[in-house]
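Quick notes on the structure that follows.
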Amino acid sequence: MPAAFAAALRRLDGSDLRVGAVSRIYSTPPMGSAAGGPFSNAAASIETSLDPIALLDRLLSVEDAMGRSRDVRWGPRSLDLDLIFYGSQIIDSPRLRVPHPGCWYRRFVLDPLDEVAPHAIHPETGQTVRELRQC
Numbered sequence: 327m328p329a330a331f332a333a334a335l336r337r338l339d340g341s342d343l344r345v346g347a348v349s350r351i352y353s354t355p356p357m358g359s360a361a362g363g364p365f366s367n368a369a370a371s372i373e374t375s376l377d378p379i380a381l382l383d384r385l386l387s388v389e390d391a392m393g394r395s396r397d398v399r400w401g402p403r404s405l406d407l408d409l410i411f412y413g414s415q416i417i418d419s420p421r422l423r424v425p426h427p428g429c430w431y432r433r434f435v436l437d438p439l440d441e442v443a444p445h446a447i448h449p450e451t452g453q454t455v456r457e458l459r460q461c
């Protein structure tokens, strides 16, 4: 597991958030013309008492603490923590969209997610992660 991902998981883990299953790391080609070399992608399941916006804030603070730069859309980044699902909730606010847009067709999301939550149901499509992965 790359050091940045392991360090991020350690920073996330606390009294109000517990990291559960963690996928292996997948090396995938970049998406978008501004991206550099291959990206490393993984997924982790968590249990938390944080509401979705507080969880988003925690993810962003860990990225910032680990030197994340947000200069170029879809560009190279040291760490990118995304909130893919939050139970069965559908959230469409100015700060957060859950399920994460595009998660239902992006293999770099679905492959690692299938390792940690194959039976999680996409609340908009009604399909499990495993079913989405097979499309």
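This note's numbering numbers the first residue of the sequence shown as 327 and each following residue consecutively. Beta carbons are placed, not taken as given, at the ideal position from N, Cα and C, and that holds for glycine. Just so we're clear, the structure is a prediction, and the values are computed from it rather than from any experiment.
- Taking every protein chain shown into account, the CB of Ala368 has 16 or more other CB atoms within 10 angstroms, so this residue is buried.
- Exposed is the label assigned to Asp339, since fewer than 16 other Cβ atoms lie within 10 Å of its Cβ.
- Contact annotation, Ala333 with Val442: C-beta distance approximately 19 Å; criterion of less than 8 Å not satisfied.
- Across the set Pro449, Ser366 and Asp383, the C-alpha of Asp383 shows the shortest separation from the C-alpha of Leu343.
- In the structure shown, Arg421 falls within a coil segment according to DSSP collapsed to helix, strand and coil.
- Taking the Cα positions, Ser366 is about 10 Å away from Arg350.
- Excluding five sequence positions before and after Ser341, none of the CB atoms of its chain fall closer than 8 Å to its own CB.
- In the DSSP assignment, Arg384 falls within the alpha helix (DSSP H) that extends over Pro378 to Ala391.
- Contact between Leu436 and Val455 holds, since their C-beta atoms are separated by about 6 Å, short of 8 Å.
- Cβ contact annotation for His448 (same chain, cutoff 8 Å, sequence separation greater than five): Phe411, Pro425, Cys429, Trp430, Thr454, Val455 and Leu458, in chain order.
- In the DSSP secondary-structure assignment, Tyr412 is not bridged to any residue.
- For Thr451, the closest of Tyr352, Ser414 and Phe331 by C-alpha to C-alpha distance is Ser414.
- Here Pro438 is buried: its Cβ has 16 or more other Cβ atoms, across all protein chains shown, within 10 Å.
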